[in-house]
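Chemist:
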Amino acid sequence: MTETLPARTAPLPPKWNPAEVEGVLYQRWVDRGYFEADPASGKPPYCIVIPPPNVTGSLHLGHAMDHTLIDVLTRRRRMQGYDALWLPGMDHAGIATQSVVERRLAEAGEPTRRELGREEFVRRVWEWKAESGGAILGQMKRLGDGVDWTRERFTLDEGLSRAVRAVFKKMFDEGLIYRAERLVNWSPALQSAISDIEVDHKEVEGELVSIRYGEGEDSVVVATTRVETMLGDTAVAVHPEDERYAHLVGRTVRMPITGRDVPVIADPYVDPEFGTGALKITPAHDPNDFEMGRRHDLPMPTIMDESGVIANSGTEFDGMDRFAAREAIREQLRAEGRIVAEKRPYTHSVGHDSRTGVPIEPRLSLQWWVKVESLAKASGDAVRSGETSIHPPEMASRFFDWVDNMHDWCISRQLWWGHRIPVWYGPDGETVCVGPDEEPPTGEGWRQDEDVLDTWFSSGLWPFSTLGWPEETPDLERYYPNSVLVTGYDILFFWVVRMMMFGTYAMGRSPFEHVYLHGLIRDEHGRKMSKSKGNVIDPLELIDAYGADALRFTIARGSNPGTDMSLSTEWVAGSRNFTTKLWNAVRFALANGADPALPLPQEPTDADRWILGRLREVREQTDALLEDFQFAKATEGLYHFTWDELCDWYLELAKPQFDDPATAEGTRAVLGHVLDALLRILHPIVPFVTEALWTALTGGETVVTATWPGADTGLPVDAAAVARVEALQKLITEVRRFRTEQGLPDRRSVAAALVGLEAAGLAGHEKAVRFLTRLDPTGADFAPTATVEVALGSVDGASAGGSASAGATAGGSASAGATVHVELDTSGAIDVAAERARLGRDLAAAQKELEQAEKKLGNPKFTEKAPAAVVDGIRARREAAVAEIERVTARLEGLPAS
RNA sequence: GGGCGCGUAGCUCAGCGGGAGAGCACUCGGUUUACACCCGAGCGGUCGCAGGUUCGAUCCCUGCCGCGCCCA
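FYI, in the numbering used here the residues of the first sequence are 4 to 901.
(1) On the CB-based measure, 16 or more other CB atoms within 10 Å of its CB, does Phe157 come out buried or exposed?
(2) Going by DSSP in three states, Asn449 sits in which element: helix, strand or coil?
(3) Give me the residue from Met409, Gly511, Glu704, Val823 with the minimum Cα distance to Arg727.
(4) Please state if the CB of Pro425 and the CB of Cys413 are separated by a distance shorter than 8 Å.
(5) Rounded to a whole number of angstroms, what is the C-alpha to C-alpha distance between Arg560 and Val621?
(6) Under a three-way DSSP split, which group does Lys636 fall into?
(7) Write down every uninterrupted run of the alpha helix (DSSP H) in the region 352-438 whose length is 4 residues or greater and which is fully enclosed by it, in chain order.
(8) Compute the Euclidean distance between the alpha carbons of Asp875 and Met398, then round it to the nearest angstrom.
(9) Going by other Cβ atoms of all chains shown within 10 Å of its Cβ, with 16 needed for buried, is Pro664 buried or exposed?
(10) So, helix, strand or coil for Asn188, using DSSP?
(11) Just the C-alpha distance for Val753 and Gly746, rounded to the nearest angstrom, thanks.
(12) Taking DSSP as the reference, what is the three-state secondary structure of Gly616?
(13) With H, G and I counted as helix, E and B as strand and the rest as coil, what does DSSP make of Ile313?
(14) Measuring CB to CB, does Ile332 end up less than 8 Å from Gly235?
(15) Would you call the region 572-580 and the region 80-87 in contact, with 3 or more CB pairs under 8 Å?
(16) What residue does the beta strand (DSSP E) around Gly36 start on, and which one ends it?
(17) Could you check what DSSP says for Gly491 in three-state terms: helix, strand or coil?
(18) Mind checking Asp274: buried by the 16 CB within 10 Å criterion, or exposed?
(19) Between Ile614 and Tyr653, which are expected to be in contact by the criterion C-beta below 8 Å, what is the C-beta distance as a whole number of angstroms?
(20) At the level of alpha carbons, what is the spacing between Ala240 and Asp300?
(21) Tell me whether Gln194 is buried or exposed, calling it buried when 16 or more other Cβ atoms sit within 10 Å of its Cβ.
(22) What are the start and end residues of the beta strand (DSSP E) that includes Pro863?
(23) Taking the C-alpha atoms as reference points, what is the distance between Ala667 and Thr776?
(24) Looking at Asp324 and Ala192, is the spacing between their C-beta atoms short of 8 Å?
(25) Quick check: the region 678-690 against the region 544-562, are at least 3 beta-carbon pairs closer than 8 Å?
(26) Less than 6 Å between C-beta atoms, sequence neighbours within five positions excluded: which residues of the same chain meet that for Gly463?
(27) In this structure, how does DSSP classify Tyr49 when only helix, strand and coil are distinguished?
(28) For Ala849 and Ile888, which I take to be in contact (beta-carbon distance under 8 Å), what is that distance rounded to the nearest angstrom?
(29) List, from N- to C-terminal side, the beta strand (DSSP E) runs of 3 residues or more that fit wholly inside the region 85-162.
(30) Measure the Cβ-Cβ separation of Tyr29 and Thr228 and say whether it is below 8 Å.
(31) If you follow the beta strand (DSSP E) that Lys658 is part of, which residue opens it and which one closes it?
(32) Could you spell out the range, first to last residue, of the beta strand (DSSP E) harbouring Val209?
(33) According to DSSP, simplified to helix, strand and coil, what is Pro266?
(34) CA-CA distance, Gly65 and Ala699?
(35) I'd like to know whether the C-beta atoms of Gly616 and Pro473 end up nearer to each other than 8 Å.
(36) To test your reading of the DSSP string, which unbroken alpha helix (DSSP H) runs of 4 or more residues are found completely within the region 526-552?
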């Protein structure tokens, strides 16, 4: 491979070109095996498994967020000396994948699924899997995911399929999996059962129709939103104590249309206050009615087929779609004078298949179920006991609500793509569950269950099936439980709960030490991204335009725990600007000979001490924040340090230091040290640009496996140096402000005398002040026309050039500070009005400050009750305000009349 | 209906008992020997409303208004 990046001594290219370089760097990382975990390494293990993306989809920004945050965590741990494993892979997404392939067959004019037959159809799906899955892998590489490709897994792999059969067998034998005929959420579109969490309840505008059953005094009125279900009614129910209907209980009423006589039953479930107090009962098509039917041993006729068409009702409505039948039956009833009331529109909640959006049809059918009670309890206990901690903690309550109120889980799906249920039925009604190492029964009349398992059944095993379970592999021994699971809070009930249930059951331990739940990515105005709104952003387009680092930095900077973030191309462009800034900073450093291999100077300058102290603080703060999953705050802190402190101030202060032979070498060392550490700290967030810059700066092979900066980073904070640098910044800013307001552009030569620098402790900083304010030395003809007075907080001048000992503290800020007078020769009259306006604003601010302070100090309760430190602080502010008012007032009086 | 959360600068969001912050946007100035994907200086807020607790409330409590999400 060609090395496109320069060696340390060569200058960096003037521009960072991510599109050209990122792919090369990524391939090099993979080729050199940096991301491969090693159970034999002797290092402490750290493991995160990917929340498996759906093989049929493509990665969207939500995935980009998962991947960025996981990559930040694992790359940092790797640098910290852990044996870090990020395990990649995908799930087979039974329903979604089968639907896509069926649609593609139809679009290509090929035979249908049933025409092809099961074996051939499944072969076609594997072809599609290779194509679609490959695209996802490519996306992960573009994002820079530091995954261990040698351990990539797929839920339908041989190993993972063994895990599915093993856990199914164990649960079957222990009675936790059973087969039962029950009412399920049936999707007429998919023609399959789906689980509760695949159903969305939505308010819809329908109708509420009241129908009279029976004749005359012996009639009852029932109301329904689904008129067509009356074809399957087998009872009318009333409350046992409802006197209005007491005479009917135990008798029958004659149904319209079907002409059937159905019993009137009494059941306390009926709310006598609701509607007429009488309910029509359709046990095969409504969950509540089903329970009632079981209690009263009612017949349960199914009057629809798998696609939602009326069937076997014995009426002329057979063959009619359920919605068409609803209208037709209603009109028939109307013609017979049976309708006594109609409410339309009637808003009520209807379950919809979350994938197709089609209304669910509750359907009586024979399915396989998981008995969840003990599993859900164990999952809840794992969190309650602290074995697993959920971040942010507020999310734990949702988790508990869910696991404490969970219904049995329907796991069979009427599909072909997935793990076929490992149960065989014999000719004489035998049922045999076949384990992974057993041979299925052979012989006449034996057949395997036709259905496959819910995809979540296999992805629930993911934290350990991917590590080799049920075999006792070194990986399993070492990487289970996983360190962290990172996923969106919207996925809590899908993955997290299922994985917790299976992990506690099969492994006896919760699968995760930590679960970090991030928010959703929304558009720039906080709206959910959706195809229908047309506001979806493709992560690959952002990477093409701005680089993967820019996308990653944007995501990390916006990701506060548990809260959604807004994202737009402008934010990403801003992050791209950050990488460019970093690039230019290192370019400048290299051009001036910065080198981290040089020893730090014996006598660092104030600027050196300040930036080295800040570096130490920032490194400590970043570590603490990342340990607590505070990605946004950690990233924001690094942004601020890099741009506002390192680039805006230290690099500028370094310029005069480079000019001075006494400080040039030390500055090379300090700048090298700071950038070396900063690039390593930034690497997990922006891996590409930091790799290019760090290798150029240090000559090292790669930053991927470089050591994470430790306690010896930077220097202890030197408070005296900090105070002097802050005074310097204030002085420079005030002069710049004056120049701006006086309309004195930088190129315009302005001579000035700096009076009082020494008293302010800034004796050694005149050169820096002049450089950063563009003030020239005074000549023989110096004639000042204006003075800028800058009141500085007290800085301990005596300690200038002193040692950088830890814990040094400057004098208290309460003592009166020094004032530096900058006398300028503006070569002409100054703009008195501008100066008066500027001083007026300063005066108003000082007066407001004084007013607030005096109000507080004038309140005896405040001085009595508030902590002494707070009171002292307010007193100091009052004194400073008084001094400022005096100074500004004097200046104003000294101005010529305008 | 139950639960959770949110209303802070034009936009997106931090801050959550003692001096209102950031990014973007905006205004003015700038071909400064790293960077115009930039530099310098600014403008901009009764911190949703009303009570309460407190010496002191954007921050704690209560109610109201508006918005969002989850579950039924």
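We put the CB at the ideal spot given by N, CA and C, even for glycine.
Modeler: According to the data block:
(1) buried
(2) According to the sequence shown, residue 449 is Trp rather than Asn. Residue state, collapsed to three classes: coil.
(3) Val823
(4) no
(5) 16 Å
(6) helix
(7) 376-387, 398-407
(8) 42 Å
(9) exposed
(10) strand
(11) 12 Å
(12) helix
(13) strand
(14) no
(15) no
(16) Element bounds for Gly36: n/a, residue is neither H nor E.
(17) strand
(18) exposed
(19) 4 Å
(20) 13 Å
(21) exposed
(22) No beta strand (DSSP E) contains Pro863, which is instead part of the alpha helix (DSSP H) from 863-868.
(23) 21 Å
(24) no
(25) yes
(26) Arg501, Met502, Phe505
(27) strand
(28) 5 Å
(29) 86-90
(30) no
(31) It is not in any beta strand (DSSP E) - Lys658 instead sits in the alpha helix (DSSP H) that spans 654-662.
(32) For the record, residue 209 in the displayed sequence is Gly; it is not Val. From DSSP, the beta strand (DSSP E) with Gly209 extends over 202-216.
(33) strand
(34) 33 Å
(35) no
(36) 542-549
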